[in-house]
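First comes the structure, then the notes that go with it.
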Amino acid sequence: MSFRKKGFLDSFGKWNFAFLFRVSQFFSWKWGRKFMYEALREKSIYEEGYRNPILKTSLLGKEFPSPLGIAAGFDIKFKYNDELIQYGFGFEEFGTFTFYEKYTARKIRFLSSQKAVLVDEPFFKNGGIKFAQKELINRRHLPHIAGVSIASNQNPDEENKAEINIIYEKIEKELIDCVQCVAPYCDYIVLNLSHPQLPISSLVVNLGILRQIIVRLKDVIDKVAPILKTKLLLKIPLDVSAEQVSLISEMMIETGIDGIIIGGYSMGNKENHKGLRHYGYSYLCGKPIKNETLRIVGNFYKVLQGRIPIISSGGVFTGDDAFEMIQAGANLVQIHTAILYKGPSIGRKICKRLADLLHKNNFGSVSEAVGSKFSQQ
Ligand SMILES: Cc1cc2nc3c(=O)[nH]c(=O)nc-3n(C[C@H](O)[C@H](O)[C@H](O)COP(=O)(O)O)c2cc1C
Numbered sequence: 029m030s031f032r033k034k035g036f037l038d039s040f041g042k043w044n045f046a047f048l049f050r051v052s053q054f055f056s057w058k059w060g061r062k063f064m065y066e067a068l069r070e071k072s073i074y075e076e077g078y079r080n081p082i083l084k085t086s087l088l089g090k091e092f093p094s095p096l097g098i099a100a101g102f103d104i105k106f107k108y109n110d111e112l113i114q115y116g117f118g119f120e121e122f123g124t125f126t127f128y129e130k131y132t133a134r135k136i137r138f139l140s141s142q143k144a145v146l147v148d149e150p151f152f153k154n155g156g157i158k159f160a161q162k163e164l165i166n167r168r169h170l171p172h173i174a175g176v177s178i179a180s181n182q183n184p185d186e187e188n189k190a191e192i193n194i195i196y197e198k199i200e201k202e203l204i205d206c207v208q209c210v211a212p213y214c215d216y217i218v219l220n221l222s223h224p225q226l227p228i229s230s231l232v233v234n235l236g237i238l239r240q241i242i243v244r245l246k247d248v249i250d251k252v253a254p255i256l257k258t259k260l261l262l263k264i265p266l267d268v269s270a271e272q273v274s275l276i277s278e279m280m281i282e283t284g285i286d287g288i289i290i291g292g293y294s295m296g297n298k299e300n301h302k303g304l305r306h307y308g309y310s311y312l313c314g315k316p317i318k319n320e321t322l323r324i325v326g327n328f329y330k331v332l333q334g335r336i337p338i339i340s341s342g343g344v345f346t347g348d349d350a351f352e353m354i355q356a357g358a359n360l361v362q363i364h365t366a367i368l369y370k371g372p373s374i375g376r377k378i379c380k381r382l383a384d385l386l387h388k389n390n391f392g393s394v395s396e397a398v399g400s401k402f403s404q405q
């Protein structure tokens, strides 16, 4: 079905769009999403994108027009970045991609009363890194700051319970192949360790092996993207202890990793979300994980003290939430569930409010506000 009949969407104002989006979402999440995406292409129903000089942020060797970004998992087919980026977003992260394509089931349940979604996904669903490479080459002329999230779908269950060390070797090889494919065509690569079940997530604990993988990946980047100097970031889940925060920070400084993304999948903190049913592989995203994300961002900021940029990725729905994340130590802020609930124009609203809050609190830029919660105490 296509909603793209000429003039069909033009006849609706933005409020009607929001209403239709929610109604179609109520009947089926897939239809809601399809409706939103198709409508996005009809740019004429939207107001102009939002840009404000106070939101400009220099980071990772780039000029971000805004610190608000679209988190991984939103656009795994490279379909909508041209449209989304208009709504105040400063960057987008594609993926997560694995070396081999994987068409696995992904169930998404909307928990409307909590402004959250439960995602059940045993593996990373994606078209493979070669697909990502092709799309990135096609989009090279676009000025958007683009990140690519990579991981591995290696699983001992599939390999007749093979030795974990053999699995780690395979993971490393796959990651190297992924980096070789995309490093020359994107601004940053994220090594995603935040899947709740796959062995790649155990690298958060196996820091020796992780250190070795990071060093090798950085070598590969130096070889395949010597001029572009593509950055390498780490995405970690929220389930990390205070001790792990120190150890991970130490390891990051030692290896010279360029940044850390905090958030994403969270399954360990079931205690904090007692009202919610958890399934085998499911993870929770949206409003309920905001406080946990704030806490972990703050913990990392206190240890890192600005030496490594932090990107928060959890629970932001408003400009006030984004401002809180920045004050807790985040240099950039990503969102995902908020777009599913409010539509893409949420980006514009968050940016406007964030700019107001920066002015009101006498900050001249986003970077002045980073970690200010701790300096005020
Ligand atoms: C449907 C869905 C798919 C996701 N897929 C990925 C993914 O492939 N890789 C990843 O790193 N994060 C993925 N995430 C996590 C998001 O990037 C983000 O970290 C998380 O949703 C928390 O942010 P939010 O509260 O703003 O949604 C996904 C989230 C959702 C809702």
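Residue numbers for the sequence shown follow this note's numbering, so the first one is 29 and each next one is one higher. Cβ atoms here follow ideal geometry from the backbone N, Cα and C, with glycine treated the same way.
To the nearest angstrom, report how far apart residue i and residue j are at their CA atoms.
{"i": "G101", "j": "I281", "result": "27 Å"}
{"i": "K84", "j": "D103", "result": "24 Å"}
{"i": "L245", "j": "K388", "result": "43 Å"}
{"i": "I241", "j": "E200", "result": "6 Å"}
{"i": "A160", "j": "R137", "result": "27 Å"}
{"i": "I439", "j": "F119", "result": "Look at the range of the chain in this structure, 29 to 405, and you will see that residue 439 is not part of it."}
{"i": "K158", "j": "I237", "result": "26 Å"}
{"i": "V210", "j": "T346", "result": "33 Å"}
{"i": "K162", "j": "L266", "result": "32 Å"}
{"i": "G116", "j": "R376", "result": "5 Å"}
{"i": "R79", "j": "I363", "result": "18 Å"}
{"i": "T132", "j": "F152", "result": "8 Å"}
{"i": "H172", "j": "E91", "result": "10 Å"}
{"i": "E202", "j": "C214", "result": "18 Å"}
{"i": "D250", "j": "Y216", "result": "13 Å"}
{"i": "S393", "j": "L385", "result": "11 Å"}
{"i": "P227", "j": "N390", "result": "46 Å"}
{"i": "G303", "j": "S141", "result": "At G303, the pLDDT of 48 sits below 50, so the modelled position is not reliable; the number obtained from the coordinates is stated separately. One C-alpha to the other measures close to 12 Å."}
{"i": "P93", "j": "L235", "result": "34 Å"}
{"i": "P254", "j": "A174", "result": "18 Å"}
{"i": "V248", "j": "N193", "result": "22 Å"}
{"i": "A383", "j": "I82", "result": "6 Å"}
{"i": "C313", "j": "A366", "result": "10 Å"}
{"i": "D349", "j": "E191", "result": "43 Å"}
{"i": "F122", "j": "S400", "result": "30 Å"}
{"i": "A99", "j": "F125", "result": "14 Å"}
{"i": "P95", "j": "A397", "result": "12 Å"}
{"i": "L164", "j": "P212", "result": "9 Å"}
Starting from residue i, trace the alpha helix (DSSP H) both ways and give me its first and last residue.
{"i": "V369", "result": "According to the sequence shown, residue 369 is Tyr rather than Val. Segment T365 to K370, the alpha helix (DSSP H) holding Y369."}
{"i": "R137", "result": "Not the alpha helix (DSSP H): R137 falls in the beta strand (DSSP E), residues K135 to L139."}
{"i": "E91", "result": "Note, E91: premise wrong, no alpha helix (DSSP H); beta strand (DSSP E) at K90 to F92."}
{"i": "V207", "result": "I192 to V210"}
{"i": "V145", "result": "No alpha helix (DSSP H) contains V145, which is instead part of the beta strand (DSSP E) from A144 to D148."}
{"i": "I217", "result": "Taken as a continuous stretch (DSSP letters only), I217 belongs to no alpha helix (DSSP H), being part of the beta strand (DSSP E) at Y216 to N220."}
{"i": "A350", "result": "G347 to A356"}
{"i": "V252", "result": "L235 to V252"}
{"i": "K257", "result": "First-last for K257: undefined, no H or E at that position."}
{"i": "K401", "result": "S400 to S403"}
Pick helix, strand or coil for residue i, following the three-state DSSP scheme.
{"i": "N390", "result": "coil"}
{"i": "N319", "result": "helix"}
{"i": "K380", "result": "helix"}
{"i": "F122", "result": "strand"}
{"i": "C313", "result": "strand"}
{"i": "L96", "result": "strand"}
{"i": "S277", "result": "helix"}
{"i": "G175", "result": "strand"}
{"i": "T85", "result": "strand"}
{"i": "K130", "result": "strand"}
{"i": "N154", "result": "strand"}
{"i": "G284", "result": "coil"}
{"i": "V232", "result": "helix"}
{"i": "F102", "result": "coil"}
{"i": "L385", "result": "helix"}
{"i": "P224", "result": "coil"}
{"i": "Q272", "result": "helix"}
What residues are listed by DSSP as bridge partners for residue i?
{"i": "I289", "result": "K263 and I339"}
{"i": "Q362", "result": "G97"}
Going by the C-beta, is residue i closer than 6 Å to any heavy atom of ligand 3?
{"i": "S230", "result": "This structure simply doesn't include ligand 3; it includes ligand 1 instead."}
Do the segment 334-354 and the segment 311-324 meet, that is, are 3 or more Cβ pairs less than 8 Å apart? yes
For the segment 242-262 against the segment 275-292, do three or more pairs of beta-carbon atoms, one drawn from each stretch, fall closer than 8 Å, so that the two count as touching? yes
Count Cβ pairs between the segment 272-281 and the segment 85-98 that sit closer than 8 Å; are there 3 or more? no
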